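Under the UniProt record's numbering, the first residue of the sequence shown is numbered 1, with each subsequent residue one higher.
C-beta atoms are modelled at their ideal positions from N, C-alpha and C, and glycine is treated no differently.
This one's a predicted model, so the numbers in the text were calculated from it and none came from an experiment.
Down below is the structure, laid out as structure tokens.
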Amino acid sequence: PTAPTAPTPKAWAPCRQAGRESSPAATTAENGGGKKKQKERELDELKKEVAMDDHKLSLDELGRKYQVDLSKGLTNQRAQDILARDGPNALTPPPTTPEWVKFCRQLFGGFSILLWIGAILCFLAYGIQAAMEDEPSNDNLYLGVVLAAVVIVTGCFSYYQEAKSSKIMDSFKNMVPQQALVVREGEKMQINAEEVVVGDLVEVKGGDRVPADLRIISSHGCKVDNSSLGESEPQTRSPEFTHENPLETRNICFFSTNCVEGTARGIVIATGDRTVMGRIATLASGLEVGRTPIAMEIEHFIQLITGVAVFLGISFFVLSLILGYSWLEAVIFLIGIIVANVPEGLLATVTVCLTLTAKRMARKNCLVKNLEAVETLGSTSTICSDKTGTLTQNRMTVAHMWFDNQIHEADTTEDQSGATFDKRSATWTALSRIAGLCNRAVFKGGQENISVSKRDTAGDASESALLKCIELSCGSVRKMRDRNPKVAEIPFNSTNKYQLSIHEREDSPQSHVLVMKGAPERILDRCSSILVQGKEIPLDKEMQDAFQNAYMELGGLGERVLGFCQLNLPSGKFPRGFKFDTEELNFPTEKLCFVGLMSMIDPPRAAVPDAVGKCRSAGIKVL
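Written out as structure tokens, the structure is:
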């Protein structure tokens, strides 16, 4: 049978058309209004929701549609054929401007054209004088040469600056080639993400970037960061069809999003420009770029200077004729007056000022692609900034703990010299054990010589913060987990708002311990006792009020608060080897023992307060 072509929904057709053909030449209508309407129609079509039905198909239907074995994947030959047919899995870059056009824009664009006119008029005046006089003055000749030299030198300099910045920006794209883990002919292999094709079986895990649009066929606690698509919280991904809209259903992962935890296997349903992110990129590239404020000001200035110069030149030309000068002398007056009104040094001054500013910004690790963009910063009235990773360090850090009915400040020093509580406390021992075991974050390999606080992790930001805190306070979390092996787990979900895991206890050869963390109020509702000074006491009204006060105080500090509890399962009912069922729940999840709270904060970058203060002093609002 012939191989099915890659799905090409109708909604994607305008995407490809706009991406490849929506140049000014292709969209030229009979008048400006027609061109604008055509552009608006294209953008309206691009804004339509993706038309696809892969999220509704069963696994068998998916396998038949893409002619792929859902356990062994594509054959290498089949993958090569699809790659040759569809092209690489990459977004089509927008059309680039030829270098000679960029160079000509610098030489003949904006204020340069006025100086060229001045130079030509100088040469014309010198020519008239040379024709009329035996020994003409060379002043106009020299002035014309100087004007031409100023334009050429500043044009070449501006082009060099722009070309150098563009080259650096282009080099960023190829610094780290993106890799993908695919299954082909039953074997897992790492390949370049650009070689992924429709029908490939792809596996992703926490910390991976999704290489294409995937239909999930199996998953285990998988969550993806869809912040680039407008979702503030990590989204759960599972094989189940949950929504008619493909953008809302849980069984679709989108190209360029990041898997923050868990694992998943999916079949590629779209690559390159046909992905949802490809459509967004096409929509963005279809928008016309406005002119910079300085470009508009220069254009207005040129019109003003030209009007004044021509008015004065014509006035003196007429006056010269009235006073009895010859018409050739009057023309010389005309040209001289016009050239005199041209500010010859302005272009060089503006270019030098912008270049010096760009160099100062480069020393601050801020790359300027276009010199005109430097001046635009001076027109800024409002800065709308993301918080996480921009104003903050994107390093969630444990700030406080509440246990033994007291709030303690966390010690984040490497040598643990700033301890504010007794780490030998039995309650802290239990709390740190829960935070270390009921946690899926891990340190990436090869970082033994790097300080704990600066190590890279794979996992959720909150769990990474807990991991680093326990690693600093109690030693190796990996060894703790090895001594207390996990036998069952329920990943966090938005319905239950808790994460649960069951481990074999290192201090009891036949027993298990159930550890849980999650939203503090949900955790407290499942508890009937609380651990204080290492002793389990009833969770009475007094302790509930103490919990509520601590919860409100930590939350009032702008910190994210998690609650922790545990239950030592009786060895008689749950011996070693017992099969814990996380679907039907053959173990207790109520009447647990509350242990404590831990709160986290994403610390601001050191330079942020000063930078925000400077912006406000300059009259710039920071939102």
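Taking all protein chains shown into account, decide if residue i is buried (16 or more other Cβ within 10 angstroms of its Cβ) or exposed.
{"i": "Ile-450", "result": "exposed"}
{"i": "Trp-327", "result": "exposed"}
{"i": "Asp-225", "result": "buried"}
{"i": "Tyr-498", "result": "buried"}
{"i": "Lys-552", "result": "At residue 552 the sequence reads Met, which differs from the Lys that was named. So Met-552 ends up on the exposed side."}
{"i": "Trp-402", "result": "buried"}
{"i": "Phe-574", "result": "buried"}
{"i": "Gln-190", "result": "exposed"}
{"i": "Asp-69", "result": "exposed"}
{"i": "Ser-599", "result": "buried"}
{"i": "Ser-242", "result": "Note on identity: in this sequence residue 242 is Thr, with Ser being the wrong assignment. Result: exposed."}
{"i": "Ala-84", "result": "exposed"}
{"i": "Glu-584", "result": "exposed"}
{"i": "Phe-547", "result": "buried"}
{"i": "Ser-462", "result": "buried"}
{"i": "Met-516", "result": "buried"}
{"i": "Lys-591", "result": "exposed"}
With a cut-off of 8 Å, does the C-beta of residue i fall near any C-beta of chain C?
{"i": "Leu-391", "result": "Note that chain C does not occur in the displayed structure, where there is just one protein chain."}
Rounded to whole angstroms, what is the Cα-Cα separation between residue i and residue j?
{"i": "Ile-523", "j": "Val-452", "result": "29 Å"}
{"i": "Met-480", "j": "His-512", "result": "15 Å"}
{"i": "Ile-620", "j": "Ala-362", "result": "22 Å"}
{"i": "Lys-614", "j": "Leu-356", "result": "21 Å"}
{"i": "Ser-178", "j": "Asn-89", "result": "The amino acid at residue 178 is misidentified as Ser; the sequence shows Gln. Taking the straight line from one Cα to the other gives about 11 Å."}
{"i": "Arg-478", "j": "Leu-57", "result": "41 Å"}
{"i": "Phe-580", "j": "Pro-491", "result": "14 Å"}
{"i": "Gly-110", "j": "Ile-314", "result": "24 Å"}
{"i": "Arg-64", "j": "Met-296", "result": "58 Å"}
{"i": "Val-404", "j": "Met-396", "result": "Per the sequence shown, the amino acid found at residue 404 is Asp instead of Val. Straight-line Cα distance between these residues: approximately 24 Å."}
{"i": "Phe-301", "j": "Val-310", "result": "14 Å"}
{"i": "Pro-234", "j": "Lys-223", "result": "6 Å"}
{"i": "Gln-447", "j": "Asp-456", "result": "8 Å"}
{"i": "Val-318", "j": "Leu-367", "result": "53 Å"}
{"i": "Arg-560", "j": "Asn-493", "result": "17 Å"}
{"i": "Leu-554", "j": "Gln-544", "result": "15 Å"}
{"i": "Leu-371", "j": "Ile-280", "result": "28 Å"}
{"i": "Phe-123", "j": "Pro-609", "result": "57 Å"}
{"i": "Leu-569", "j": "Leu-514", "result": "7 Å"}
{"i": "Ala-358", "j": "Arg-605", "result": "24 Å"}
{"i": "Val-342", "j": "Leu-312", "result": "12 Å"}
{"i": "Phe-578", "j": "Leu-181", "result": "34 Å"}
{"i": "Gly-87", "j": "Thr-275", "result": "13 Å"}
Hey, residue i and residue j are a contact pair by Cβ (cut 8 Å); roughly how many whole angstroms apart?
{"i": "Ile-338", "j": "Leu-121", "result": "6 Å"}
{"i": "Val-196", "j": "Thr-271", "result": "6 Å"}
{"i": "Thr-427", "j": "Gly-596", "result": "7 Å"}
{"i": "Thr-154", "j": "Thr-376", "result": "With a Cβ gap of about 19 Å, Thr-154 and Thr-376 do not count as contacting."}
{"i": "Ile-252", "j": "His-55", "result": "5 Å"}
{"i": "Val-268", "j": "Asp-208", "result": "Wrong, their Cβ atoms sit about 14 Å apart, outside the cutoff."}
{"i": "Asn-140", "j": "Ala-119", "result": "Not quite, the Cβ-Cβ distance comes to about 10 Å (not below 8 Å), so this is no contact."}
{"i": "Thr-213", "j": "Phe-157", "result": "It should be pointed out that residue 213 corresponds to Asp in this sequence rather than to Thr. 45 Å between Cβ atoms; not a contact."}
{"i": "Arg-483", "j": "Gly-459", "result": "At roughly 20 Å, the Cβ-Cβ gap does not stay under 8 Å, so Arg-483 and Gly-459 are not in contact."}
{"i": "Thr-92", "j": "Asp-273", "result": "5 Å"}
{"i": "His-220", "j": "Thr-257", "result": "Not quite, the Cβ-Cβ distance comes to about 18 Å (not below 8 Å), so this is no contact."}
Does DSSP put residue i in a helix, in a strand, or in coil?
{"i": "Glu-590", "result": "coil"}
{"i": "Gln-533", "result": "coil"}
{"i": "Leu-201", "result": "strand"}
{"i": "Glu-233", "result": "coil"}
{"i": "Met-366", "result": "Residue identity check: residue 366 is Cys in the sequence provided, not Met. Three-state result, Cys-366: coil."}
{"i": "Asp-69", "result": "strand"}
{"i": "Ala-488", "result": "strand"}
{"i": "Ala-212", "result": "coil"}
{"i": "Val-612", "result": "helix"}
{"i": "Glu-409", "result": "strand"}
{"i": "Thr-349", "result": "helix"}
{"i": "Phe-578", "result": "coil"}
{"i": "Met-480", "result": "helix"}
{"i": "Pro-293", "result": "helix"}
{"i": "residue 642", "result": "The displayed coordinates of the chain run from 1 to 623. Any statement about residue 642 would go beyond what the structure contains."}
{"i": "Gly-459", "result": "coil"}
{"i": "Ser-501", "result": "strand"}
{"i": "Gly-619", "result": "coil"}
{"i": "Leu-585", "result": "coil"}
{"i": "Arg-433", "result": "helix"}
{"i": "Phe-443", "result": "strand"}
Task: Whole runs of the alpha helix (DSSP H) within the stretch 75-162, excluding any shorter than 4 residues - done: 76-86, 99-108, 112-132
TODO: Write down every uninterrupted run of the alpha helix (DSSP H) in the stretch 509-566 whose length is 4 residues or greater and which is fully enclosed by it, in chain order.
DONE: 520-525, 541-556
- [ ] Please specify which runs of the alpha helix (DSSP H), each continuous and at least 4 residues long, are wholly inside the stretch 221-285, giving them in chain order.
- [x] Fully enclosed alpha helix (DSSP H) runs of 4 or longer: 276-285.
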